[in-house]
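Trainee: Those sequence lines, one after another, are chains C and D.
Quick note, the first sequence lines up with residues 0 to 245 if you use numbering that gives the first Met the number 0.
Quick note, the second sequence lines up with residues 0 to 245 if you use numbering that gives the first Met the number 0.
Protein chains: 2
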Amino acid sequence: MAVAANRKTRVVGGKVAADRVKASESPETAIYNKIHRAIAERRLLPGSRLIEDQLAEVFGVSRMRIRWVLQSLARDKVVTLHRNRGACVAEPTVKEAKEVFAARRLIEGALAREVVRATDDKALKRLKAHIKKEVASEKSHDRAMELRTSHEFHTLLAEIVGNSVVVDFLRELMARSALITAIFERPDISVCSHFTHSRLIELIEKRDEQGLVDAMLGHLDEIESYLTLYEKEDQPVDIKTIFSGL
Amino acid sequence: MAVAANRKTRVVGGKVAADRVKASESPETAIYNKIHRAIAERRLLPGSRLIEDQLAEVFGVSRMRIRWVLQSLARDKVVTLHRNRGACVAEPTVKEAKEVFAARRLIEGALAREVVRATDDKALKRLKAHIKKEVASEKSHDRAMELRTSHEFHTLLAEIVGNSVVVDFLRELMARSALITAIFERPDISVCSHFTHSRLIELIEKRDEQGLVDAMLGHLDEIESYLTLYEKEDQPVDIKTIFSGL
DNA sequence: CTTGCACAAATTGTTAACAATATGAGCAGT
DNA sequence: ACTGCTCATATTGTTAACAATTTGTGCAAG
Chain C
0 MAVAANRKTR
10 VVGGKVAADR
20 VKASESPETA
30 IYNKIHRAIA
40 ERRLLPGSRL
50 IEDQLAEVFG
60 VSRMRIRWVL
70 QSLARDKVVT
80 LHRNRGACVA
90 EPTVKEAKEV
100 FAARRLIEGA
110 LAREVVRATD
120 DKALKRLKAH
130 IKKEVASEKS
140 HDRAMELRTS
150 HEFHTLLAEI
160 VGNSVVVDFL
170 RELMARSALI
180 TAIFERPDIS
190 VCSHFTHSRL
200 IELIEKRDEQ
210 GLVDAMLGHL
220 DEIESYLTLY
230 EKEDQPVDIK
240 TIFSGL
Chain D
0 MAVAANRKTR
10 VVGGKVAADR
20 VKASESPETA
30 IYNKIHRAIA
40 ERRLLPGSRL
50 IEDQLAEVFG
60 VSRMRIRWVL
70 QSLARDKVVT
80 LHRNRGACVA
90 EPTVKEAKEV
100 FAARRLIEGA
110 LAREVVRATD
120 DKALKRLKAH
130 IKKEVASEKS
140 HDRAMELRTS
150 HEFHTLLAEI
160 VGNSVVVDFL
170 RELMARSALI
180 TAIFERPDIS
190 VCSHFTHSRL
200 IELIEKRDEQ
210 GLVDAMLGHL
220 DEIESYLTLY
230 EKEDQPVDIK
240 TIFSGL
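(1) Quick one: grab the DSSP three-state call for Ala-89(D).
(2) For Val-68(C) and chain D, any beta-carbon pair shorter than 8 Å?
(3) Let me know the alpha helix (DSSP H) ranges lying completely inside the segment 44-115 of chain D, each 4 residues or longer, listed in chain order.
(4) Can you tell which of Gly-85(D), Leu-226(D) and Ile-106(D) has its C-alpha closest to the C-alpha of Leu-169(C)?
(5) I'd like to confirm the pairing. Which residues does DSSP put opposite Leu-226(D) in its beta bridges?
(6) Suppose you measure from the CA of Glu-137(D) to the CA of Glu-221(D); what does that come to, to the nearest Å?
(7) Short of 7 Å Cβ to Cβ, which residues in the segment 153-184 of chain D face chain C?
(8) Taking only beta-carbon atoms, is Glu-133(C) less than 8 Å away from chain D?
(9) Check whether the Cβ of Arg-147(C) lies closer than 8 Å to any Cβ atom in chain D.
(10) Straight-line CA distance for Lys-21(C) to Val-60(C)?
(11) Who are the Cβ neighbours of Met-173(C) in its own chain at under 7 Å, not counting the five residues just before and after it?
(12) Does Glu-90(C) have its Cβ less than 8 Å from a Cβ in chain D?
(13) Please list, in chain order, all residues of the same chain as Lys-14(D) whose beta carbon is under 8 Å from its beta carbon, the five residues on each side excluded.
(14) Using beta carbons (cut-off 8 Å, strictly below), is Ala-29(C) in contact with chain D?
(15) Mapping DSSP to helix, strand and coil, what is Ala-22(D)?
(16) For a quick check, are the C-beta atoms of Phe-183(C) and Ala-96(C) less than 8 Å apart?
(17) Using a Cβ distance threshold of 8 Å, determine whether the segment 70-85 of chain C contacts the segment 197-216 of chain C, with at least three qualifying pairs required.
(18) The ligand COA heavy atoms versus the CB of His-196(C): any closer than 7 Å?
(19) Give the residues of chain D in contact with Leu-110(C), contact being defined as C-beta atoms less than 8 Å apart.
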């Protein structure tokens, strides 16, 4: 995430301030997260314009702050910026969605091998603890939280391998996946992913490297198959036929 | 790259303007590239302070522009930003360098398989044409250009696979590699990489998937071995001993 | 010789006003 | 109806002045 997150923990009279849990967030990151979440949860629909003045007023900050945040969101492909025409919530194309999933297969597939090598008892505990979180999320029937928790599992695998460069890539891919899922999700299917994730953990425990790789790739295929990723066939008929006639 | 690069090609009286080759660069990207290049070519050494006013004057733009560019450079890990204390040229640690190369092995190793599948005649031509560029760069004895061209080869492989998400990741990794190489390069060795790259192309031509993967991993190990990546052992002796004494 | 303090200088962070640009409505001409 | 035009409006882009912060220096006290 481009927005710096390094405001010091605020201490008041010897006691940590009330917003301690969010203490590591600069105002910029806080706004970044709010907008990002609003988009991922589809309260802000793809294509919606994001007007600086409005956001500035809503969040009670100056326009430059908003500008800054929008830049960050744009770099993470969550909004698109048009010179002199402002920002819109990104509208990922089908092509883009497929590329993101292809990239995930590439990276997470390769990562799977490393995970087997890197997982120790402590890591296993973290993984199993995370499954509990996923179960709780699914029970709550809060789709947004479900998705977040589920994505965190994938980032967690990268964290276990311990390469922060890869972790950053994974985070970025998860953020984009969240947006893509929000947009292309089929309303008729609801994935029960904690089960699949448990299966992955079993394979890690068994040190079944190839099995884990295959299961991971299968898992990603499964997720992708739950989306409606077909190109829209609305040909630009009128103009095209005219031009092909020439 | 976070800085938008989308100024329209300027047309003057029916003829494309003289700066056509750079027409796609906004003033921000131009400055971004200049600073980035100065760092990669070690004209700006790691740790050097980058003072907004100075840069603004040098490039003849306002401070806000510089601020914007510094933000982009920071996100690409080429400079580090300290709240209220300005920007410095990044000083990649040995740990960071190793992580970047580990990430490269992960991604480029996995990419190698895809490359074999994705390479057609046209792609082969591009690859071979690029080797010529590398040869020319090496002849010129311009170390900076040599490095650039060499890195472009790796990005080119990603381009051939055709996944723009992966291409972006690779570009980022190459930029960081360039900086890392610039900093940790051993002055006594000069890599003659076009030969190794030619070997990779041969393997692609032979459709030797596993061979290519192995060769690529070996290549990356080789590059890394040409750097002086040992942790500096200058223990914080004084303080540490005092504390361990307690 | 070190520590602590106050103050000055350099630098970054923020704001509000202004300039430039794009968008859409209205309206005339065909 | 459709095109082309002008102008008002909304919105973004830029600037310059101001506020806040950090850093370094000098000086006095221990």
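Beta carbons are placed, not taken as given, at the ideal position from N, Cα and C, and that holds for glycine.
Mentor: Based on what the coordinates show:
(1) For the purposes of this step, residue 89(D) is taken as the residue at position 90 of the second sequence. Ala-89(D) falls in the coil class under three-state DSSP.
(2) Translated into positions along the first sequence, residue 68(C) becomes position 69. For Val-68(C), not one C-beta of chain D is nearer than 8 Å to its own C-beta.
(3) 51-58 and 62-74
(4) In the first sequence, residue 169(C) corresponds to position 170, counting from 1. Here the closest residue by C-alpha is Ile-106(D).
(5) Translated into the one-based positions of the second sequence, residue 226(D) becomes position 227. According to DSSP, Leu-226(D) bridges with Glu-184(D).
(6) Your numbering for residue 137(D) matches position 138 in the second sequence. Your numbering for residue 221(D) matches position 222 in the second sequence. Each residue's Cα considered, the two are about 18 Å apart.
(7) Asn-162, Ser-163, Val-164, Val-165 and Phe-168
(8) By one-based count along the first sequence, residue 133(C) stands at place 134. So no, Glu-133(C) is outside the interface.
(9) If you number the first sequence from 1, residue 147(C) lands on position 148. For Arg-147(C), the answer is no, since every Cβ of chain D falls outside 8 Å of its Cβ.
(10) Here the question's residue 21(C) lines up with position 22 in the first sequence. Here the question's residue 60(C) lines up with position 61 in the first sequence. With a pLDDT of only 43 at Lys-21(C), under 50, the local geometry of the prediction cannot be trusted, and the value read off the model is given with reservation. Taking the straight line joining both Cα atoms gives about 18 Å.
(11) By one-based count along the first sequence, residue 173(C) stands at place 174. Within the same chain, Met-173(C) has close Cβ partners His-150, His-153 and Thr-154.
(12) Position 91 of the first sequence, counted from the start, is the residue given in the question as residue 90(C). Taking Cβ atoms only, chain D never reaches closer than 8 Å to Glu-90(C), which makes this a no.
(13) To locate residue 14(D), count along the second sequence from 1; it is residue 15. Reliability of the predicted coordinates at Lys-14(D) is poor, the pLDDT of 33 falling under 50, and no value is obtained from them.
(14) Sequence index remark: in the first sequence, residue 29(C) carries index 30 (1-based). It does not; no Cβ of chain D falls within 8 Å.
(15) Your numbering for residue 22(D) matches position 23 in the second sequence. Residue placement at Ala-22(D) is poorly supported in this model, since its pLDDT is 47, which falls under 50; the coordinates are not used for a value here.
(16) Numbered from 1 along the first sequence, position 184 holds the residue referred to as residue 183(C). Numbered from 1 along the first sequence, position 97 holds the residue referred to as residue 96(C). One thing to note: Phe-183(C) has its Cβ within 8 Å of the Cβ of Ala-96(C).
(17) no
(18) This structure lacks the ligand COA; in fact it carries no ligand of any kind.
(19) Your numbering for residue 110(C) matches position 111 in the first sequence. Result: Leu-105.
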